[in-house]
Structures are given as C-alpha cells and as structure tokens.
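Note that the sequence shown covers residues 1 to 401 in the working numbering.
All C-beta atoms, glycine included, are put in the ideal place defined by N, C-alpha and C.
Please read these numbers as outputs of a predicted model, since none were measured by experiment.
The structure under discussion appears below in the form of structure tokens.
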Amino acid sequence: MREIRSVGVVGAGVMGAGIAQVAAEAGFEVVLFDPLDGATARARQRIAGFLERKVAKGQMPSEDAGAALDRIGEVTTLESLADADLVVEAVPENLELKRDLFRDLDRCVADDRILATNTSSLSVARIAAATEHPERVIGLHFFNPVPLMALVELIPGPMTAPAVVETTDAFARRLGKTPVVAADLPGFIVNRVQRALYLEAFRIFEEGLAGVTAIDDAMRQIGFRLGPFELADVVGTDVNLAAGEAIFAGFHEDPRYRPAQVQHRVVDAGRLGRKSGAGYYDYAADGSRGEPWAALTGVPAGSPSLPPIDPPQIEARVLATIVNEAASAVADRVAAPEAIDTAMKLASNWPEGPLAWGERIGLSSVVSTLDGLNAVVPDGRYRVAPLLRALADAGQSFFGR
Ligand code: NAD
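In structure tokens, the structure reads:
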C-alpha cells in the first residue's frame, strides 16, 4: 500500500479536531472538511488552544506547535480530499449519514487510498457496503479526548484487505497510539465490556440494594477513577444511553445489554450529566459534585425494602459481570485476552484488565457469583459465558498460563 503522508478528516467536531491535531503533531499533512459554516475554523482554534497549553506546560517547543498548526488546512468540498492517503470520518453517529458519506468519498477519493470511520457503535461492514470498494474501508476508533487517550481500536470489516489493516495499524503507531484489532461486533471491545460496569451498577441500584453514592464509592475503592454513575455524568447520560441502546439492538435485545430504567429517567428529565449541570448527581455552578438527584433517593413511607448490600458485595457483583462480558468477548473472537485487558486499561483507565482481574479473584469465585445472581434473576443476563465456566472448571487461564 501507499505510504501515508496526508490525512483527510471529515467532520470537524470534538473527535475530528482531535484526530486532525494528533495527525498534524505526528507530521502528517491534514485537510479538514465540515459542511457547517465556521466549523473547521472553530476546530483549528480549539487545536491552537490545546497546542498553546502544551507549549505553556513545556511539553512542546513553540516552533513545533506552530508547524503542526500550519500542517492543518481547511477545505470546503469533499472533492478536495481526493489526494489524501487516508481519510478519517468523524461525522455524527448516524448510519445513513455515514453510508451516504462513504458512498461520496468512494467516488471522490482515489481507489488506492484508505477510508476509515471513527464510529463507536455502528457496523463497519454496513458502512463499507455502501461503497464499491469495501476492501479499503476500516474502523479506526479513537477515544475522547483524542490527544490524551492512547488506545485506538482497529476494526476490519469482513471485506477489509489485510494491507489496509497493516497500514492503518502503522499509522496509529506513528500517532503514538496503541492500536488493538477488534472484531466488527457491537461495541467492539471497550464499549461492550464497559457496558457491564454501568449496567450492573444500575441494576444494583434498581433492586434497591445500594444507593448511587454507595455504589460509586465502592467502585472507586477498588481502583476505578470514577464510579459508574459519576462516569455516566461525564460521558453524558444521553450519549451513554444511546451507546447502550445501540449495543442492545446490535445483540438482538439480549437481556445482558438491556438498558436500565434509571437511564431513561435521567435522560427524560433533561439531566444529561455534567454538560447540563445535572445528571445522576446535582452539580454546583463551579462544577463540584453535589448529592444524587433527589428523585433517586428515598423510599415511600411504609414500603418494605431489602437489606442493603455492603461494598464487597457490590464490587463482587460488578466485577463478576465485567469478567463475564470480557470472557464472552473472547469467546466471540472480538479480540485476544491480552488485547481486551490492554484496551480496558488504556481506554477506560481501569486499574487492571478484566480477565487478569477475574483470575486474581478466582474464576470459580466469579462463576459462583454469577450462578447465584442467575438463580435470583434467571432472565439470561447473568448466564455464564461457557468459555469462562470451562476455564474455571478446568482450573485454566485465559492467558494459557
Ligand atoms: P460532533 O457532533 O462533535 O462533530 C460532528 C461534526 O460532523 C460536526 O462538526 C458536524 O458539522 C459535522 N458533520 C455533520 N454532517 C457532516 C457531513 N455530511 N460531512 C462532514 N461533516 C459533517 O461529534 P463527535 O463527538 O466528534 O463524534 C463524531 C464521531 O465520532 C461519531 O461517530 C461518534 O460516535 C464518534 N466518537 C465520539 C466520541 C466522543 O466521545 N465524542 C468518542 C469516540 C467516537
């Protein structure tokens, strides 16, 4: 394949600006396209601000920052991307929008160039199928904020040429990123395994076994930077629900991925997280976290309730669910165990990879926690991944140890 020297970025929003920045910093010529009036100029301003802060912190000489900014050009037509060696799409998460765009890009951009999508949740195969050349289409999933997040998921579709995977992998490494290859299944690695963290926390809450703060405190206690409710508020409760719904639909409504009612309650109330000043928690004007939303606390007088569970029980439930999801991703051939653990540590800042964590707890203990939950809620959400049970029964490891 051609060596990559120039990069086209389509969509100059949060992700497109980040991708343009890291590519320009790595020495690539970048052209940025967005049909919205002023969007590319605003993206360039944001990038300039980011680079200035790097210079101020002594992380970058000011000449390098200036040179990186000079490498980013703005264009007003898709046709202007014709000569880019790699085009990365970062337009809103809408399948028809992306399919239309890829159909157009396929016409405009020379046949021997790579077309990549930054989709978080859509099928790369379905995007690629809109083109005449699906062999040159690949998923290249960056994480937000792009300049700071080391992980990139590479998602070949069923038709993607091996050389396209290799070249894109080399490109990601030149950006200083750590690429992991993931199968084109809903949520790829990170969003799929991360789902288990949120959903189990939401279920514990909805069962009335622990409050929002108790669950967040318990998860922080074992090394998560933020509790699941706090994290959902950072991500945006609406964005989080949409990602969950896409994965639920992608897995044909498997109960394991069913969004929780409490997710709808906060979104319906317009509590979209930190960006709207309120989510699962209230936030003060200076951004500091307040108490959980009053509607999520308290029990109507006279209602019977279950005794609350303690932090180790909360942690055991959430961890067992996470390990089970990671095991099911291994069984589905989403990625190798090492790649899954690496991905969760880099993209989600988890203190340990889920599979190594499961082994430290003991796979048999994880299985017995899940079996216990499945006995109480036998709708399939806690069914043990057969691979996990087999390894636990045989005393074996995911890592061939
Ligand atoms: P955004 O809304 O910030 O930016 C999207 C940009 O695309 C806007 O500037 C919009 O004007 C532009 N756009 C709309 N239609 C277009 C078209 N036809 N051609 C070119 N540009 C067009 O969105 P974002 O958060 O940057 O997300 C972009 C993609 O990245 C989505 O697929 C999203 O799922 C994915 N993603 C987002 C995040 C995140 O945390 N924001 C993380 C990983 C992946």
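DSSP-derived helix/strand/coil call for residue i
i           : result
residue 6   : strand
residue 74  : strand
residue 224 : coil
residue 289 : strand
residue 20  : helix
residue 188 : coil
residue 133 : coil
residue 93  : coil
residue 321 : helix
residue 352 : coil
residue 249 : helix
residue 28  : coil
Inter-residue spacing [alpha-carbon to alpha-carbon] between residue i and residue j
i           : j           : result
residue 136 : residue 126 : 13 Å
residue 262 : residue 167 : 43 Å
residue 128 : residue 285 : 44 Å
residue 293 : residue 270 : 12 Å
residue 234 : residue 240 : 10 Å
residue 23  : residue 89  : 14 Å
residue 12  : residue 32  : 7 Å
residue 134 : residue 376 : 46 Å
residue 272 : residue 287 : 14 Å
Residue i Cβ short of 7 Å to ligand 1 heavy atom set
i           : result
residue 76  : no
residue 119 : yes
residue 93  : yes
residue 240 : no
residue 33  : yes
residue 144 : yes
residue 20  : no
residue 15  : yes
residue 133 : no
residue 11  : yes
residue 264 : no
residue 140 : no
Cβ-Cβ distance between residue i and residue j below 8 Å
i           : j           : result
residue 283 : residue 229 : no
residue 192 : residue 352 : no
residue 87  : residue 55  : no
residue 335 : residue 385 : no
residue 171 : residue 340 : no
residue 406 : residue 397 : No statement about residue 406 is possible, as the shown extent of the chain runs from 1 to 401 and does not include it.
residue 69  : residue 97  : no
residue 95  : residue 78  : no
Cutoff 8 Å: residue i Cβ touching any chain C Cβ
i           : result
residue 397 : The structure shown contains no chain C; it holds only a single protein chain.
Do the segment 312 to 330 and the segment 199 to 208 meet, that is, are 3 or more Cβ pairs less than 8 Å apart? yes
Quick one: any contact between the segment 131 to 147 and the segment 2 to 21, if contact means 3 or more CB pairs under 8 Å? yes
Decide if the segment 207 to 226 is in contact with the segment 250 to 259; the criterion is three or more beta carbon pairs, one per stretch, under 8 Å apart. no
With a cut-off of 8 Å, do at least 3 Cβ pairs link the segment 100 to 117 to the segment 36 to 49? no
Would you check if the segment 174 to 184 and the segment 288 to 307 touch, i.e. whether three or more CB-CB distances between them fall below 8 Å? no
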